[in-house]
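K.L.:
All you need for our numbering is the position in the sequence shown, starting with 1, plus 1320.
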Amino acid sequence: MITTLKGHSVAINTIAHFPSPTQEHLLLTGSYDSTVKLWDLRQKQTVSSFKGHDMQINCLEITPDGKWFASGAQDSLAKLWDIGSGKTIFTFNLHEAPVTCLKFNPYELTLATGSADKTVKYWDLEKFGLVSEREWENDFTKINRFVQRSQKRQEFKVLVLIQMANIFSVLLKMQ
1321 MITTLKGHSV AINTIAHFPS PTQEHLLLTG SYDSTVKLWD LRQKQTVSSF
1371 KGHDMQINCL EITPDGKWFA SGAQDSLAKL WDIGSGKTIF TFNLHEAPVT
1421 CLKFNPYELT LATGSADKTV KYWDLEKFGL VSEREWENDF TKINRFVQRS
1471 QKRQEFKVLV LIQMANIFSV LLKMQ
C-alpha cells in the first residue's frame, strides 16, 4: 500500500529511517519549513515535531540505538536532539556555511558533520567538543553524504558526492 503523509508546510528535503527493527515503523523527515517531524507509519501521522533551526533542514541521521538524532541545516548549524523529550541536547555552531551531511560513528560517541564551507568536523558527544577537522579541496554547492566503514581498520571515510538533482520524491510502502 502506498500512502501520502501530510504535515510539513512545504517540501521535504531529507528523510531518515530508524535502524532498529523495533522502530522500523518510525521515520524522520526534514523540510524547507525548517522543522523535523517524527512519523509513525502504522498510524500514518506525525508523532512529534522538532523546531530549532532557522532555515531548511538539509540532512538527518539517527543514532544506532534510536534515542537521538542529528540535524544539519542551511543556517550552518548541526543539532543533536533527544527523540523522547523532543529537546535539543546540543548545538554545534562552528561551520561557516550550510551543514549538508552528518554521520554517527556506530562504535563510539562521535558525530561527523560536513559543510559547504568545505570542512568535515568530528565531535565528541560526551564532552560536546570538537575532536578534529578536515578540509576538502573541491567547492561543491551541495554535498551529499556517503560514509563507509573500512574493512581493514575501524575508520570511517566520508566521500563527497555532487547531488545531481535538487528534487526527489519518496514513496512509502506500508506493510
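Even for Gly, the Cβ is constructed at its ideal location relative to N, Cα and C.
Do the CB positions of ILE1377 and GLY1404 come within less than 9 Å of each other?
P.N.:
Taking 9 Å as the Cβ cut-off, ILE1377 and GLY1404 do not qualify as a contacting pair.
K.L.:
Evaluate the contact criterion for the segment 1365-1374 versus the segment 1413-1427: three or more CB pairs, one atom per stretch, below 8 Å.
P.N.:
Result no; under three Cβ-Cβ pairs closer than 8 Å.
K.L.:
In angstroms, rounded to a whole number, what distance separates the CA positions of GLN1343 and LYS1441?
P.N.:
Distance between the alpha carbons of GLN1343 and LYS1441 is about 29 Å.
K.L.:
Exposed or buried, PHE1448, counting other C-beta atoms within 10 Å across all chains shown (16 or more means buried)?
P.N.:
So PHE1448 ends up on the exposed side.
K.L.:
Hey, could you find the ends of the beta strand (DSSP E) TYR1512 is sitting in?
P.N.:
The structure shown does not extend to residue 1512, since the chain is modelled only from 1321 through 1495, so no value can be given for it.
K.L.:
Leaving out five residues before and five after THR1383 in sequence, what residues of the same chain have Cβ atoms less than 6 Å from its Cβ?
P.N.:
Excluding residues within five positions, the ones whose Cβ falls inside 6 Å are PHE1424.
K.L.:
In whole angstroms, what separates the C-alpha of VAL1451 from that of LEU1445?
P.N.:
Going by the C-alpha atoms only, they are around 10 Å apart.
K.L.:
What residue range does the beta strand (DSSP E) around TRP1456 cover?
P.N.:
Counting along the chain, TRP1456 falls outside any beta strand (DSSP E), and DSSP gives it neither H nor E.
K.L.:
Which term fits ASP1385, buried or exposed, when burial requires 16 or more other beta carbons within 10 angstroms of its beta carbon?
P.N.:
Per the 10 Å Cβ criterion, exposed.
K.L.:
Within the continuous beta strand (DSSP E) that includes SER1405, where are the two ends?
P.N.:
Here SER1405 belongs to no beta strand (DSSP E), and DSSP marks it neither H nor E.
K.L.:
For THR1383, does the three-state DSSP call read helix, strand or coil?
P.N.:
Note: THR1383 maps to coil in three-state DSSP.
K.L.:
For ARG1473, which residues from the same chain have a beta carbon less than 6 Å from its beta carbon, with the 5 sequence-adjacent residues on both sides left out?
P.N.:
Its pLDDT being 37, under 50, ARG1473 is placed unreliably by the model, and the measurement read from it follows with that caveat. Cβ neighbours of ARG1473 beyond the five flanking positions: none.
K.L.:
Looking only at its own chain, which residues have a Cβ that is under 6 Å from the Cβ of LYS1357, when we skip the five neighbours before and after it?
P.N.:
Counting only Cβ-Cβ distances below 6 Å, and skipping sequence neighbours, we find GLY1327, THR1349, THR1366, SER1369.
K.L.:
The beta strand (DSSP E) that contains HIS1337, what's its start and end?
P.N.:
Segment 1332-1337, the beta strand (DSSP E) holding HIS1337.
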